[in-house]
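Novice:
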Amino acid sequence: MVNLETELLDHELDPPLILASGILDQTSKTMERIAGKGVGGIVTKSIGKEPKEGHPNPTIVELENGLLNAMGLPNPGIEYFKKELTKLRKSVEEKPIIGSIFASGPEDFSELAQEMVEHGADIIELNLSCPHAEGYGASIASKDDMMVDVIDRVNNTVEEPVLAKLPPSTDIDKKAALAEKGGSDGIVCINTVRAMAINFETREAILGNKIGGYSGEGIKPIGVRCVFEAYKEVDIPVIGCGGITNGRDALEYILAGATALEIGTVFHSRGKEAPKKITDEMKELMKKEDIKDLNELRGDAH
Ligand code: RRO
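Numbering of the sequence shown is given in numbering that gives the first Met the number 0, commencing with residue 0 and proceeding in unit increments.
Quick look at the structure:
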């Protein structure tokens, strides 16, 4: 028997696949539906203090090996979202809910974290890494003092564990170590990769915002590298995210050192049954290699 059970910050994940932030996660209904499709946990859309419309259309382009998005942090704001969270909590009692939040500074981050845990979040994910949001996201992780301050303040505000979602920077080892020093209980590597697509015929950028974030198969090697480098530097769990499309990808991330895995773009390429397909593929590969437990593989590529 192959065992995929994984412990993440006192929560049991089975399988260790978590719905990543930004896909099918703005309403309790869509998250509930995905919870029933074989994920071990759910991350919400990144929520801010006020409702936000996001960037102008087009906001998503399909590319050969993934998706390019510049949604622009569209979200209903915490006042509205907390009602959705309360509903979700009632319907998915047994799976961890990870509340993703974004803000421009420590004060707002800690208020949002407080609201999230009061309305049912088990873990907080700090979005420090959206690649195309002025004043938010990656602009927070790019300033070391600001990043540490945000993590420290949230950590001192809520008792629940805090994850720092980092951008795919070349010095991810240093960023991960800083996040740990600031009090982060885990690291998520990576957010989307800052990128751009141009239409030759119209001579224009395709996205309304021109610049966006690339996700899906094409970024997997970048995500695997970031997990590998972060894992070497920290003693807290590293969650892999970026281009996980099949069971083999998932196991490669585990070999790099990931404790758990977030999946998103694969729902677009393989449909809502993607978690079950990936889980079956992981089990099949492990069975073939006579591996019974993910602990036998974790970090083995080091
Ligand atoms: O909403 C977005 O445009 C977005 C976010 Br918050 C993020 O973290 N990463 C991304 O690719 N898009």
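Here a beta-carbon is modelled for each residue, glycine too, at the ideal position from N, C-alpha and C.
Taking only three categories from DSSP, how would you classify Asp170?
Specialist: By 1-based counting over the sequence shown, the position of residue 170 is 171. Looking at Asp170 - three-state DSSP - the assignment turns out to be coil, as it is neither helix nor strand.
Novice: Taking the C-alpha atoms as reference points, what is the distance between Leu84 and Ala120?
Specialist: Within the sequence shown, residue 84 is the residue found at index 85, counting from 1. Within the sequence shown, residue 120 is the residue found at index 121, counting from 1. Roughly 8 Å separates the two Cα atoms.
Novice: So the candidates are Pro57, His10 and Gly21; which of them puts its Cα closest to the Cα of Ile210?
Specialist: Here residue 210 is taken as the residue at index 211 of the sequence shown, counted from 1. Taking only the C-alpha atoms, the option nearest Ile210 is Pro57.
Novice: Report yes or no: is there a C-beta of chain B within less than 7 Å of the C-beta of Asn126?
Specialist: No chain B is part of this structure, which consists of one protein chain only.
Novice: So, with DSSP's three-state summary, where would you put Asp144?
Specialist: Locating residue 144 in the sequence shown gives position 145, where the first residue counts as 1. Helix, per DSSP.
Novice: Put Asp9 into one of helix, strand or coil per three-state DSSP.
Specialist: Here residue 9 refers to the residue found at position 10 when the sequence shown is read from its first residue. DSSP places Asp9 in coil when its eight states are reduced to three.
Novice: Applying the 10 Å Cβ sphere with the 16-neighbour rule, what's the burial state of Ser90?
Specialist: As a first step, residue 90 is located in the sequence shown; it is residue number 91 there, counting from the start. The residue is exposed, with fewer than 16 neighbouring Cβ atoms inside 10 Å.
Novice: Roughly how far, in whole angstroms, is the beta-carbon of Ser45 from the beta-carbon of Leu72, given that I think they are within contact range, below 8 Å?
Specialist: The residue given as residue 45 occupies position 46 in the sequence shown. The residue given as residue 72 occupies position 73 in the sequence shown. With 8 Å as the limit, Ser45 and Leu72 qualify as a contact, their Cβ atoms being about 6 Å apart.
Novice: Hey, is Cys129 close to the ligand RRO, as in C-beta under 6 Å from one of its heavy atoms?
Specialist: As a first step, residue 129 is located in the sequence shown; it is residue number 130 there, counting from the start. Yes, Cβ of Cys129 sits closer than 6 Å to a heavy atom of the ligand RRO.
Novice: With distances taken Cα to Cα, identify the nearest neighbour of Thr307 among Asn294, Gly239, Lys271 and Arg297.
Specialist: Outside the modelled stretch of the chain, which goes from 0 to 301, sits residue 307, for which no answer is possible.
Novice: Does the Cβ of Asn294 have 16 or more other Cβ atoms within 10 Å, making it buried, or fewer, making it exposed?
Specialist: Here residue 294 refers to the residue found at position 295 of the sequence shown. Classification for Asn294: exposed.
Novice: At a cut-off of 6 Å, would you count Ser141 as near the ligand RRO, judging by its Cβ distance to the nearest heavy atom?
Specialist: Taking the first residue of the sequence shown as 1, we reach residue 141 at position 142. Flag unset: Cβ of Ser141 not near the ligand RRO.
Novice: Helix, strand or coil: which one does DSSP assign to Asn56?
Specialist: To locate residue 56, count along the sequence shown from 1; it is residue 57. Three-state DSSP puts Asn56 in coil, outside helix and strand.
Novice: For Met70, count the other beta carbons within 10 Å of its own beta carbon; 16 or more makes it buried, fewer makes it exposed. Which is it?
Specialist: Counted from its first residue, the sequence shown places residue 70 at position 71. Its Cβ being crowded by 16 or more others within 10 Å, Met70 is buried.
Novice: Please find out if some non-hydrogen atom of the ligand HEM comes closer than 6 Å to the beta-carbon of Thr278.
Specialist: Only the ligand RRO can be found as ligands here, which leaves the ligand HEM out of the picture.
Novice: So, are the CB atoms of Gly222 and Asn68 less than 7 Å apart?
Specialist: As a working mapping, residue 222 is identified with position 223 in the sequence shown. As a working mapping, residue 68 is identified with position 69 in the sequence shown. No, these two residues do not count as a Cβ contact at 7 Å.
Novice: Quick one: what's Asn198 bridged to in DSSP?
Specialist: The sequence position of residue 198 within the sequence shown is 199, counting from 1. DSSP output for Asn198 lists Glu203 as bridge partner(s).
Novice: Using the DSSP secondary-structure output, state which residues sit across from Glu240 in a beta bridge.
Specialist: By 1-based counting over the sequence shown, the position of residue 240 is 241. This sequence places Cys at residue 240; Glu is not what is there. For Cys240, which the question treats as bridged, DSSP gives the partners Glu261.
Novice: Alpha carbon to alpha carbon, how far is Asp21 from Lys291?
Specialist: Counting from 1 along the sequence shown, the entry for residue 21 is found at position 22. Counting from 1 along the sequence shown, the entry for residue 291 is found at position 292. Looking at the sequence shown, residue 21 is not Asp but Gly. Approximately 32 Å between the Cα atoms of the pair.
Novice: Contact between the segment 168-179 and the segment 191-198: three or more CB pairs below 8 Å?
Specialist: Contact fails: fewer than three Cβ-Cβ distances are below 8 Å.
Novice: Taking 7 Å as the threshold (C-beta atoms), are Thr258 and Ser214 in contact?
Specialist: As a first step, residue 214 is located in the sequence shown; it is residue number 215 there, counting from the start. As a first step, residue 258 is located in the sequence shown; it is residue number 259 there, counting from the start. No, these two residues do not count as a Cβ contact at 7 Å.
Novice: Here's the rule I'm using: 16 or more other beta-carbon atoms within 10 Å means buried, otherwise exposed. How should Asp24 be labelled?
Specialist: Counting from one through the sequence shown, the residue named residue 24 turns up at place 25. Asp24 comes out buried.
Novice: Nearest CA to the CA of Asp144: which residue from Ala178, Ala112 and Val157?
Specialist: The residue given as residue 144 occupies position 145 in the sequence shown. Checked all of Ala178, Ala112 and Val157; the closest Cα to Asp144 is Ala178.
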